[in-house]
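Worksheet: one structure, shown below.
Chains as they are written, first to last, in our numbering: chain A, 1394 to 1483; chain B, 3 to 243.
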């Protein structure tokens, strides 16, 4: 991803229509690509059943904590939400 | 055809590459349709629905996860190109980043450290094993990288993938509610936090909102992919195998 970014910075013309449409297509289906790995939940079913409390607390707790910390700090370093930068106005 | 022959035949069928791919795509399509029927409610996450449908099917048909996973390699492979393609929204919205890159980097570093430390800490406090804790630690990174980190630090790769995906789904479900609660309305913050805490699925959710949110999510996913592989192995020494 960083290599493609650097390449496109170097050669902006390479951001062609096919590249745009390909990336749009990939994003539309992005969720799908995670399904096979996610089904791994059944391969680890025994372990998850045995340790469901630490897993649940750790997963929910650390995900929400990092979400809040990142959002709060990001909010603090960018005090002016641009007029076009409001949720729901895509 | 006798029953045992039928079972044998279906076992062979489930092992073919086309089958796993078809099953996964159909389940995902059903998930998308259900989410649309629920008027886009984030709780009806298509990835979650598809995972449950596939898991249920594998259970009923008695197909092993290993056989299914191997047959779906073409789908999993596309994770790589999709992650690389995140460069496109990033480059298109580069103007929004100028002059604030240091602040953004600080926010991400803090979020990343909190994610890893609280992941290990909460699991340890609640009596979880080391393998579970180190499968939890890298879960905020994009799944292919997270699996790699788990492997090298004594976590369980497939469990780590489950955590990474569940964390992403949790982010997609909770972020709107959380930002409403904190009264943050900036899509850049929305996208960045979704990418930092929820990696690929968080980014997919941000992209479904708008491209600017997607660009910030892409940035967070990229930075996090560079940062977390440095943090987690450093912590390994505090909890030796």
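The beta-carbon is built from N, C-alpha and C at its ideal position, and this holds for glycine as well.
Computed from a prediction, not measured in an experiment: that's the story for all the values here.
Contact between residue 140/B and residue 217/B does not hold, since their C-beta atoms are separated by about 24 Å, which reaches or exceeds 8 Å.
Residue contact check for residue 154/B against chain A: no CB pair falls below 8 Å. Looking at 175/B, 155/B, 138/B, the one whose alpha-carbon comes closest to that of residue 162/B is 138/B. In terms of Cβ geometry, residue 1456/A and residue 198/B do not form a close pair [threshold 8 Å]. Taking the Cα positions, residue 50/B is about 30 Å away from residue 95/B. Under the Cβ criterion of 8 Å, residue 1414/A is not counted among the residues facing chain B. Within a 10 Å sphere around the beta-carbon of residue 228/B sit fewer than 16 other beta-carbons, which makes this residue exposed.
By the beta-carbon neighbour count (other beta carbons within 10 angstroms, threshold 16), residue 1414/A is exposed. When Cβ-Cβ separations below 8 Å define contact, residue 97/B makes no contact with chain A. Between residue 1455/A and chain B, the shortest Cβ-Cβ separation is below 8 Å. Cα atoms of residue 1465/A and residue 179/B: separation of roughly 14 Å, rounded to the nearest angstrom. Non-local C-beta neighbours of residue 234/B in its own chain, meaning closer than 8 Å and more than five positions away in sequence, comprise 118, 136, 139, 140, 151, 155, ordered along the chain. Using a Cβ-Cβ cut-off of 8 Å, residue 129/B counts as an interface residue toward chain A, since at least one Cβ of chain A sits closer than that to its own.
Residue 1410/A is outside the set of residues whose beta carbon lies under 8 Å from a beta carbon in chain B. A direct Cα-to-Cα measurement between residue 132/B and residue 1444/A gives close to 11 Å. Proximity of residue 1451/A to chain B, defined by a Cβ-Cβ separation below 8 Å, is satisfied.
DSSP, read as helix, strand or coil, puts residue 131/B in coil.
Taken in chain order, the whole alpha helix (DSSP H) runs of length 4 or more contained in the stretch 1408-1443 of chain A are 1410-1421, 1428-1431, 1438-1443.
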